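There are 2 protein chains.
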Amino acid sequence: MTSFEVVSIGSVESPLIDRVQAPRQGDEGAPDAWLTFEPAVADAIRDLTPGAEVMVLTWLDRADRTVLRTRPRDDPARPALGVFSTRSPDRPNPIGLHRVRVLATDGLRMLVGPLEAVDGTPVIDIKPVLDQATER
Amino acid sequence: MTSFEVVSIGSVESPLIDRVQAPRQGDEGAPDAWLTFEPAVADAIRDLTPGAEVMVLTWLDRADRTVLRTRPRDDPARPALGVFSTRSPDRPNPIGLHRVRVLATDGLRMLVGPLEAVDGTPVIDIKPVLDQATER
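Chains as they are written, first to last, in the working numbering: chain A, 20 to 155; chain B, 20 to 155.
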């Protein structure tokens with residue numbers, strides 16, 4: 020399969036240390052977290068301001084990329100589903116998609132929340148929410 | 020910066036041939052398009068069925084990855100913004116995020132729409148929409 024190089028533009032600083040401890044989704048009790056950006060993207064983050072709702076894309080680097088089918092929420096009572104019908108981090112390209120609010124900015128750092136990604140997770144993109152009512 | 024390898028899991032077959040012709044967003048008159056998946060991910064797509072709303076993630080391989088600031092919609096009357104405050108395809112990691120409906124499935128092919136990605140664009144992930152009212 021053709022491949023491309025995705026670069027880390029920053030990383031997550033969070034009190035969440037491991038996957039077992041992390042909520043499945045941000046709205047299930049996840050904490051706020053600081054994103055620390057690479058100096059190379061300073062010009063790209065400059066217009067992000069507190070109050071904005073954004074989609075944070077992460078690279079879930081502790082995921083198992085060989086998994087194609089999984090039981091949602093690891094529930095043995097549920098049938099296994101293809102990973103593209105689940106939000107499991109275990110998938111061929113372990114990209115995390117997180118809708119968060121920008122809470123503060125400080126140079127190359129930005130506080131966002133709630134965010135279920137664990138400490139050290141690479142950040143690969145930030146996008147504005149297009150429609151506040153219909154995007155997550 | 021640290022980098023990771025993202026693999027193409029399929030590609031877009033669309034009547035849209037170039038970026039100039041493509042709508043900015045799917046809901047701005049974009050056509051339906053077939054996604055053709057690699058045989059290696061057949062087990063991962065099996066539970067995607069017509070009617071489902073999904074997020075298609077693409078790798079916008081014709082984007083300019085060096086752009087950090089841009090004028091939204093190429094409108095000279097608008098001030099340049101950092102690309103993380105825009106949905107421009109030109110950004111460090113040119114990942115496209117498209118909310119679409121699954122219209123038909125046929126083995127390794129799946130018809131979705133509306134989709135503004137141009138013909139040949141690599142597909143890198145499919146995720147279910149978590150909340151039909153709040154995700155795009």
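Cβ atoms here follow ideal geometry from the backbone N, Cα and C, with glycine treated the same way.
Please read these numbers as outputs of a predicted model, since none were measured by experiment.
Neighbour-count burial assignment, residue i, 16 or more Cβ in a 10 Å radius
{"i": "Val-39(B)", "result": "exposed"}
{"i": "Gly-36(B)", "result": "Rather than Gly, the amino acid found at residue 36(B) in this sequence is Ile. Under this definition Ile-36(B) is an exposed residue."}
{"i": "Met-20(A)", "result": "exposed"}
{"i": "Pro-98(B)", "result": "exposed"}
{"i": "Ala-96(B)", "result": "exposed"}
{"i": "Pro-34(A)", "result": "exposed"}
{"i": "Pro-141(B)", "result": "buried"}
{"i": "Ala-49(B)", "result": "buried"}
{"i": "Glu-24(B)", "result": "exposed"}
Residue of the options minimising C-alpha distance to residue i
{"i": "Leu-67(B)", "options": "Phe-103(B), Leu-54(B) and Val-121(B)", "result": "Val-121(B)"}
{"i": "Asp-144(B)", "options": "Arg-118(A), Ile-143(A), Glu-135(A) and Val-102(A)", "result": "Val-102(A)"}
{"i": "Pro-42(A)", "options": "Asp-80(A), Thr-124(A), Arg-92(A) and Arg-84(A)", "result": "Arg-92(A)"}
{"i": "Asp-109(A)", "options": "Gly-126(A), Asp-83(A) and Arg-88(A)", "result": "Asp-83(A)"}
{"i": "Val-86(A)", "options": "Gly-29(B), Val-25(B), Lys-146(B) and Ala-63(B)", "result": "Ala-63(B)"}
{"i": "Asp-125(A)", "options": "Ala-49(A), Phe-56(A) and Met-74(A)", "result": "Phe-56(A)"}
{"i": "Val-137(B)", "options": "Pro-58(B), Ala-96(B), Arg-65(B) and Gly-115(B)", "result": "Gly-115(B)"}
{"i": "Leu-130(B)", "options": "Val-25(B), Glu-47(B) and Glu-72(B)", "result": "Glu-72(B)"}
{"i": "Arg-81(B)", "options": "Val-31(B), Pro-113(B) and Leu-54(B)", "result": "Pro-113(B)"}
{"i": "Arg-128(A)", "options": "Ser-22(A), Ala-52(A), Asp-94(A) and Glu-24(A)", "result": "Ala-52(A)"}
{"i": "Arg-5(B)", "options": "Pro-111(B), Val-148(B) and Leu-76(B)", "result": "Because chain B spans 20 through 155 in this model, residue 5(B) falls outside it and cannot be assessed."}
{"i": "Arg-106(B)", "options": "Glu-47(A), Val-148(A) and Glu-32(A)", "result": "Val-148(A)"}
{"i": "Val-26(A)", "options": "Leu-76(A), Ala-123(A) and Ser-104(A)", "result": "Leu-76(A)"}
{"i": "Met-74(A)", "options": "Ala-123(B), Ser-22(B) and Ser-104(B)", "result": "Ser-104(B)"}
Sequence-distant residues of its chain with Cβ nearer than 8 Å to residue i (five each side left out)
{"i": "Gly-45(A)", "result": "His-117, Arg-118, Val-119, Gly-132, Pro-133, Leu-134 and Glu-135"}
{"i": "Leu-100(A)", "result": "Arg-88, Thr-89, Arg-90 and Pro-91"}
{"i": "Gly-70(B)", "result": "Arg-120 and Val-121"}
{"i": "Lys-212(B)", "result": "No answer is possible for residue 212(B): it lies beyond the span of chain B, which begins at 20 and ends at 155."}
{"i": "Glu-47(A)", "result": "Glu-135"}
According to DSSP, residues forming a beta bridge with residue i
{"i": "Asp-125(A)", "result": "Arg-128(A)"}
{"i": "Gly-70(B)", "result": "Gly-70(B) pairs with nothing; no bridge assigned."}
{"i": "Leu-76(A)", "result": "Leu-116(A) and Asp-144(A)"}
{"i": "Ala-52(B)", "result": "Val-131(B)"}
{"i": "Leu-100(B)", "result": "Thr-89(B)"}
{"i": "Glu-32(A)", "result": "Trp-53(A)"}
{"i": "Glu-24(B)", "result": "Glu-24(A)"}
CB contact below 7 Å: residue i versus chain A
{"i": "Met-20(B)", "result": "yes"}
{"i": "Asp-62(B)", "result": "yes"}
{"i": "Leu-51(B)", "result": "The amino acid at residue 51(B) is misidentified as Leu; the sequence shows Asp. Not an interface residue."}
{"i": "Ile-143(B)", "result": "yes"}
{"i": "Glu-24(B)", "result": "yes"}
{"i": "Leu-122(B)", "result": "no"}
{"i": "Gly-101(B)", "result": "yes"}
{"i": "Leu-87(B)", "result": "yes"}
{"i": "Ser-104(B)", "result": "yes"}
{"i": "Pro-111(B)", "result": "yes"}
{"i": "Pro-147(B)", "result": "yes"}
{"i": "Ser-27(B)", "result": "yes"}
6 Å CB neighbourhood of residue i in its chain, flanking five on each side removed
{"i": "Val-60(A)", "result": "Ile-28"}
{"i": "Trp-78(A)", "result": "Pro-141 and Ile-143"}
{"i": "Ala-123(A)", "result": "Pro-69 and Leu-130"}
Own chain, CB closer than 7 Å to residue i, minus 5 neighbours either side, in chain order
{"i": "Ser-30(B)", "result": "Thr-55, Gly-139, Thr-140, Pro-141 and Val-142"}
{"i": "Glu-32(A)", "result": "Ala-52, Trp-53, Thr-55 and Asp-138"}
{"i": "Met-94(A)", "result": "Checking the sequence, you will find Asp at residue 94(A) rather than Met. Result list for Asp-94(A): empty, nothing under 7 Å."}
Minimum Cβ-Cβ distance from residue i to chain B less than 7 Å
{"i": "Glu-72(A)", "result": "no"}
{"i": "Glu-135(A)", "result": "no"}
{"i": "Ile-189(A)", "result": "There is no way to answer for residue 189(A), as the model of chain A reaches only from 20 to 155."}
{"i": "Glu-57(A)", "result": "yes"}
{"i": "Ile-36(A)", "result": "no"}
{"i": "Arg-65(A)", "result": "yes"}
Residue i beta carbon near the ligand NAP (any heavy atom closer than 6 Å)
{"i": "Ala-61(A)", "result": "What this structure holds is no ligand at all, so the ligand NAP is not there to describe."}
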